[in-house]
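Remarks on the structure that follows.
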Amino acid sequence: MLRIKRLYLFMLQSFLPLFLMTFLICLFIVLMQFLWKNIDDLVGKGLEISVIGELFFYAALSMAPMALPLAVLLASLMTFGNLGERFELTAMKASGVSLIKAMRPLIIFMVLVAIGAFFFQNNVLPISQTKMFTLLYSMRQKSPELEIPEGVFYDQIQGFNLYVREKNRDTGMLYDVLIYNVSKGSDNATIIYSDSGKMSITDDKSHLILKLWQGEQFENLREQGVSANNVPYRRESFDNKEVMIAFDANFNRMDESGMRNQFVGKNMAELQQTIDSVNKRVDSIGAEYGKSIKEMGYFGLPYYTYQSSPEGVLSIKQKEVTMTKPLDIDSLFRGSNPSFAKSYLTQALSKAKRIRQDYEFRSYTMNDDRRTIRRHHIELMKKFTLSVACLVFFFIGAPLGAIIRKGGLGMPLVISVFLFIFYFIIDNTGNKMARDGRIEVWEGMWLSTFVLLPLGIFFTYKAVNDSALFNRDAYTNFFRKLIGRSETRKLEVKEVVMNEVEIPEALSMIDGLIAKCNEFMNRYKGRQSYIDYWTQGYNRRELHTISADLEHTVDYISNSRNRIIILKLMELPVMKSLWFYHPTNYKWLGWLCAAMFPIGIPLYIVGTRTQDKLKEEIHHIITTCSELASLLTVDTEDTDN
């Protein structure tokens, strides 16, 4: 029992530092991504360091859910990769500790991390997102820091364009100043030109003061009712003049209540409450719209609904009016006056357009409510998907690290980034499809989990059973068995022969081999059809028999002392049992493969070419065996002489 506790402590000591390190690295990466996306809203605004630091603090809290799954994947890969590379996993298994038992403390830890991530998503994340987005939008609305360049127009002051030809940075003097005041419109623009000037700002940073010297001011005096050809204007010359421009350089925080009412600022209870209230509103509005559609009058005929009479009120039941013949609207229309008919058409068209616009507006309102419901459902699902994603990534990373047995930041980092990008693409695709209403919300939000969960189960199964999943030799043998590769037979004359070659027996073996090869060639004379290839193929047992007889014959005749015979044996090919000779063992599977034309046709082309090469090999075996039989006969005659 003490050994197991030490093992648990050892596993935690190996995992926790790596987990903390990778989490900080991943958090730094996503923060840099956040900074890169919003750099234009932060630079040139004169913001204080404390405000930027506050934004990054809340951004770090908001980006933690994105960094956590990648950190879990990378840390588990590195931990078990290091253990496998140092043969510590092998030592654990040799001492009777299975991989699952070695993972047990980390599984418990990851369950705690998943639970903590859920509470973080529900309690902390709404607050941090509210403050982060409020700060970010406040920064976007802040006026940029006033820095007027030389030689170009500066248009960052609302309603004004400023031009300065030259400025002295030591004294703050501006030379050849040109000011366009277009706050009242371009037709009523005021233009000020001065030889020099100086700029300052009020103490409350709400106004900009321009002190100008030696200049002129031009102003249009256009008013209503004045002809465009006779527009009066005013020209003013001045020695010195002060111009005050409204320019708010302060940083004003927005109210957080607006962002708190959005889906990003709500916890589970608030999200569910909003979903229920909007659903109730949608149902009631839908029922009201349905009732109005049902009671709408058509052809100018109103629709009367049933009304009950209160008790004690005498109601007179009138006789129902039945029409002797059906009402023909077209005949009434044709019999009317042409001017009346035109007015009827105009009224009908205007009414149809009005009804269409009305229901387009109603449809937009309903779709907007449904979009709100989907957004809140997505945010609600996110609070669960993060926790499950951490567990799934752990069961991918830990077994995969035990399989590849590579530690450090090399191979684990490459695999982690690849898997996380794959997860990120699927998750964003599902999120967008759910947000647009193309699929159900739960399908889109759990799509990435459904895709990666079988991968985690597969890797865990392979790691527990010590499968050589990333063994290069295993894949080499698989592809060699699939497509094959020609091999040269290598034989040498034996110095010591234990069993001499009996020529009659050798000739009998050769004749039997030639007969089987001829029988095979006669059975498969032409190229197999598409259906025959997938449902029948070549007889694998017959090919195995020919290959076994060939090897037995070569092994027996290789005891010969004649070098020419040995060289002729080396010309015989080495037969392989390839997948393309007989692709399926079951006819139903062959029909299924044949039905998948985009895959079946290319494989059929490759397979038939492989079969043609096999026939060439068998034909070469027949020819070589005939020559070999002649050599053995000649060798027998020479021996007799």
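Counting from 1 along the sequence shown, just add 1417 to a position and that's the residue number in this note's numbering. Note that beta-carbon positions come from the ideal geometry of N, C-alpha and C, so glycine has one too. Since the structure is predicted, the reported quantities are computational estimates derived from the model, not experimental observations.
F1635: first and last residue of the uninterrupted beta strand (DSSP E) it sits in = Residues 1624-1637.
Determine the contact status of F1577 and I1596, defining contact as a CB-CB distance below 8 Å. It is a contact, given that the beta carbons lie within the stated cut-off.
- Query: Do you know offhand how far M1527's Cα is from R1944's?
  - Reply: For M1527 and R1944, the gap between their C-alpha atoms comes out near 59 Å.
Checklist line | CA nearest to the CA of K1942, picked from S1994, E1912, L2031, V2023 | finding: Taking only the C-alpha atoms, the option nearest K1942 is L2031.
| C-beta contact flag for I1843 and V1805 at 8 Å | By the CB criterion at 8 Å, I1843 and V1805 fall outside the cutoff.
Query - Member of G1818, S1600, L1797 whose CA lies at the smallest distance from the CA of G1682 - result: Of the candidates G1818, S1600, L1797, the one whose C-alpha sits nearest the C-alpha of G1682 is L1797.
Could you name the residues of the same chain whose beta carbon sits closer than 7 Å to that of I1692, not counting the 5 residues immediately before and after it, in chain order?
Excluding positions up to five away in sequence, the list reads I1790, H1793, H1794.
Residues in the same chain with beta-carbon distance under 8 Å from M1418, minus the five sequence neighbours each way, listed in chain order, please. Unreliable placement is indicated for M1418, whose pLDDT of 42 sits below 50; no coordinate value is reported for it.
**Prompt:** Since L1490 and I1813 are thought to touch, with beta carbons under 8 Å apart, how far apart are those beta carbons, to the nearest angstrom?
**Reply:** Indeed they touch by this definition, with Cβ atoms about 6 Å apart.
Check: Taking just the CA atoms, how far does A2012 sit from V1991?
Finding: If I take the Cα positions, the gap works out to 34 Å.
Leaving out the 5 sequence neighbours to the left and right, which residues in its chain are closer than 6 Å to A1531 when beta-carbon positions are compared? The residues are S1804, C1807, L1808.
Please go through the same chain and pick out, in chain order, the residues whose beta-carbon is closer than 7 Å to the beta-carbon of I1927, but skip the five residues on each side of it.
Taking I1927 as the centre and dropping the five residues before and after it, the same chain places the C-beta of T1970, C2042, L2045, A2046 closer than 7 Å to its C-beta, in chain order.
**Endpoints, the alpha helix (DSSP H) within which L1516 is located** = Here the alpha helix (DSSP H) through L1516 covers 1516-1536.
With a CB to CB cut of under 6 Å and the five nearest residues on each side skipped, what residues in its chain are close to P1566? Sequence-distant Cβ neighbours of P1566 in its own chain, meaning closer than 6 Å and more than five residues away, do not exist here.
| Taking buried to mean at least 16 other C-beta atoms within 10 Å of its own C-beta, is A1511 buried or exposed? | So A1511 counts as exposed.
Thinking just about the alpha-carbon of each residue, which of A1758, F1810, H1961 is nearest to the one in F1875?
When the alpha-carbon of F1875 is set against those of A1758, F1810, H1961, the nearest one is in F1810.
Review point. Which word fits K1933, buried or exposed, when buried means at least 16 other C-beta atoms lie within 10 angstroms of its C-beta?
Key: Answer is buried; the Cβ neighbour count reaches 16.
Return the Cβ separation of M1862 and T1802 in integer angstroms, given the expectation that the two are a contact with Cβ distance under 8 Å. Yes, M1862 and T1802 are in contact; Cβ-Cβ is about 6 Å, under 8 Å.
Is T1496 buried or exposed, if buried means 16 or more other CB atoms sit within 10 Å of its CB? A buried status is given to T1496, since no fewer than 16 other beta-carbon atoms sit within 10 Å of its beta-carbon.
According to the neighbour-count rule (16 or more other Cβ atoms, all chains shown, within 10 Å of its Cβ), is W1951 buried or exposed? So W1951 ends up on the buried side.
Within its chain, find whatever has a CB closer than 6 Å to the CB of I1982; leave out the 5 residues flanking it on each side and keep chain order.
Listed in chain order, the non-local C-beta contacts of I1982 below 6 Å within the same chain comprise L2048, local neighbours out to five positions each way being set aside.
- Query: From what residue to what residue does the beta strand (DSSP E) around T1952 run?
  - Reply: Counting along the chain, T1952 sits inside no beta strand (DSSP E); it lies in the alpha helix (DSSP H) bounded by residues 1947-1952.
* Report the rounded CA-to-CA distance for I1446 versus I1821, giving the unit in angstroms. => Those two C-alpha atoms are separated by around 26 Å.
Open item on the list: Can you look up E1857 in the DSSP assignment and give me helix, strand or coil?
Closed with: Reduced to three states, the DSSP call for E1857 is coil.
- Message: To the nearest angstrom, how far is the alpha carbon of F1937 from that of N1979?
- Response: Their Cα atoms are separated by approximately 31 Å.
- Message: Suppose you measure from the CA of L1433 to the CA of D1620; what does that come to, to the nearest Å?
- Response: If you take the alpha carbons of L1433 and D1620, they lie about 53 Å apart.
Query raised in the report: With a CB to CB cut of under 6 Å and the five nearest residues on each side skipped, what residues in its chain are close to L1552?
Result: Contacts found: L1472.
Reference Y1554, options Y1592, E1912, N1455, N1684, closest by Cα: Out of Y1592, E1912, N1455, N1684, N1455 has the C-alpha closest to the C-alpha of Y1554.
DSSP state of A1606 mapped onto helix, strand, coil: DSSP places A1606 in coil when its eight states are reduced to three.
Among F1536, V1881, S1709, which residue has its Cα nearest to the Cα of G1513?
Selected option, being the one with the closest Cα: V1881.
Q. So is S1780 buried or exposed if we call it buried at 16+ other beta carbons inside 10 Å?
A. S1780 comes out exposed.
Can you list, in chain order, the residues of its chain with a C-beta nearer than 7 Å to that of P1829? Leave out the 5 residues immediately preceding and following it. The answer, listed in chain order, is L1491, L1494, M1495, G1498, G1818, K1823.
Quiz item: What does a CB cutoff of less than 6 Å around L1435 pick up in its chain, not counting 5 residues either side in sequence?
Solution: Cβ neighbours of L1435 within its own chain (closer than 6 Å, five residues either side excluded): A1492, M1495, T1496.
(Q) Beta-carbon within less than 6 Å of S1644's beta-carbon, same chain only, minus the 5 sequence neighbours each way: which residues are those? (A) Residue placement at S1644 is flagged as unreliable, the pLDDT there being 49, under the threshold of 50; the coordinate-derived value follows with that caveat. Same-chain partners within the cutoff: there are none.
Contact belief for K1800 with Q1538 at Cβ below 8 Å, rounded distance in angstroms
Right, the Cβ-Cβ distance comes to about 4 Å (below 8 Å), so this counts as a contact.
Notebook entry, point to check: With C-beta atoms as the reference, is I1626 less than 8 Å away from S1613?
Noted result: For I1626 and S1613, no; Cβs fall outside 8 Å.
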